[in-house]
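Residue numbers (the numbering used here), protein chains in the order written: chain A, -10 to 152; chain B, -10 to 152.
There are 2 protein chains.
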Amino acid sequence: MVEISGIMPVVDELDSAIIRELQADARQSNRELARKLGIAPSTCLERVRSLTHRGVIRGYHAEIDLTALNRGVQAFIAVQVRPLSRAVIDAFKDAVRGMPEVLAVFVLAGGDDFQLHVAVQDLDHLHSFLVDRLSKRREIVSFRSSVIYQREHNNVLSPLPAD
Amino acid sequence: MVEISGIMPVVDELDSAIIRELQADARQSNRELARKLGIAPSTCLERVRSLTHRGVIRGYHAEIDLTALNRGVQAFIAVQVRPLSRAVIDAFKDAVRGMPEVLAVFVLAGGDDFQLHVAVQDLDHLHSFLVDRLSKRREIVSFRSSVIYQREHNNVLSPLPAD
DNA sequence: TTTGAAAGACGATCGGA
DNA sequence: TCCGATCGTCTTTCAAA
């Protein structure tokens, strides 16, 4: 008998359905969720608790219109840093993560070391962010920025098959 | 007198605080939210409704651990398509948006036309996604993929100052 | 694990300030 | 616009299967 359980993310069909529903609408009531899945509310609550405790559900977040946050311009910034040591990587990552303009930081393999996703007021602020703030960091050896015209993201992700 | 209201996203201090709280935890009760902000629950409810109606709050989504969804490998794929017409752009965007591997599609200005953010089971599946599915599309003239080692994203975004 | 029942907490409405 | 009272619904717990 193989021990697969513990705090492992073993997600069955019912868990998957809960995950799907809560990705689509995190604020629907536990009763409505239970009704959709054909189970008792108490069962549903226990499932959601278990998923949360196991780390499968990491949180619930409101999605806010970026223009309402005065962030009409988005861009990607691909960055190369040197030397490519853990200390430099972690320091850079922590620094940019704390900047209010930065939505996300990605540590990459390959040509570029980082990709930053930023959202700012307008092109002037993008430029000043690049020139006045980012380029001040000495570990950066190059960066390229690409303005984002449109963004479409999939809020509801399904588990992929094992294959 | 200038007309600024209507269905415009005029967000005051209280709205900002609500937005901040609901980005951090979308499932907290209306009462708890009201208590944190020092307002009556009925007031809080009305504010949240107004923000939703005005399109400032776009939805509430559970954040799910990608490894639990059997998506241990993430990557960016920068794509160039030709001809660069609206028809081609929209067709490509709609096609990739519907692929289960794709978390997000970005339409870019500059060197590349698109950036795809994908999450798949492993490197083998990334390879087969690129070779067997993506490269089948005739409008693609080139693509480069970068594996993502780490991703850190900021769930709570503040409004930026007007300046 | 799942369930139904019970108790307490919450969402939603509305009249008044 | 905000608030407090009210009603109906919901979350949460728990003992049992």
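Glycine included, each C-beta is placed from N, C-alpha and C at the ideal position.
The C-beta of leucine 115 of chain A comes no closer than 9 Å to any C-beta of chain B. For the pair valine 70 of chain B and proline 89 of chain A, the Cα-to-Cα distance works out to about 33 Å. Using a CB distance below 9 Å, the part of the segment 92 to 105 of chain A facing chain B consists of Leu92, Ala93, Val94, Phe95, Val96, Leu97, Ala98, Gly99, Gly100, Asp101 and Gln104, ordered along the chain. Residues of chain A with a Cβ closer than 9 Å to the Cβ of isoleucine 137 of chain B are, in chain order, Phe95, Val96, Leu97, Ala98 and Gln104.
Comparing alpha carbon positions, the residue from B:Glu128, B:Phe65 and B:Ile8 closest to leucine 55 of chain A is B:Ile8.
Here leucine 112 of chain B is exposed, its C-beta having fewer than 16 other C-beta atoms within 10 Å. Straight-line measurement puts the Cα of asparagine 59 of chain B at about 5 Å from the Cα of glutamine 110 of chain B. The beta carbon of glutamine 110 of chain B sits closer than 9 Å to some beta carbon of chain A.
Listed in chain order, the positions of the segment 46 to 68 of chain A with a beta carbon within less than 7 Å of a beta carbon of chain B are Ile46, Arg47, Gly48, Tyr49, His50, Ala51, Glu52, Ile53, Asp54, Thr56, Ala57, Leu58, Asn59, Arg60 and Phe65. Here valine 94 of chain A really is in contact with arginine 86 of chain A; their C-beta atoms are around 5 Å apart, less than 8 Å. In the three-state reduction of the DSSP assignment, isoleucine 129 of chain A falls in the strand class. Minimum Cα-Cα distance from alanine 108 of chain B among the listed residues B:Gly99, B:Phe132, B:Arg140 and B:Arg127 corresponds to B:Arg140.
Judged by DSSP in its simplified three-state form, valine 45 of chain A adopts coil rather than helix or strand.
Phenylalanine 103 of chain A has A:Val68 and A:Val96 as its beta-bridge partners, per DSSP.
Each residue's CA atom was taken as its position, placing glycine 48 of chain A and alanine 51 of chain B some 6 Å apart. Pairing serine 147 of chain B with alanine 23 of chain B, the inter-Cα distance amounts to about 19 Å. In the three-state scheme derived from DSSP, where H, G and I count as helix and E and B as strand, isoleucine 7 of chain A is classed as helix. Pairwise C-beta distances place the segment 30 to 46 of chain B out of contact with the segment 29 to 37 of chain A, as fewer than three of them are shorter than 8 Å.
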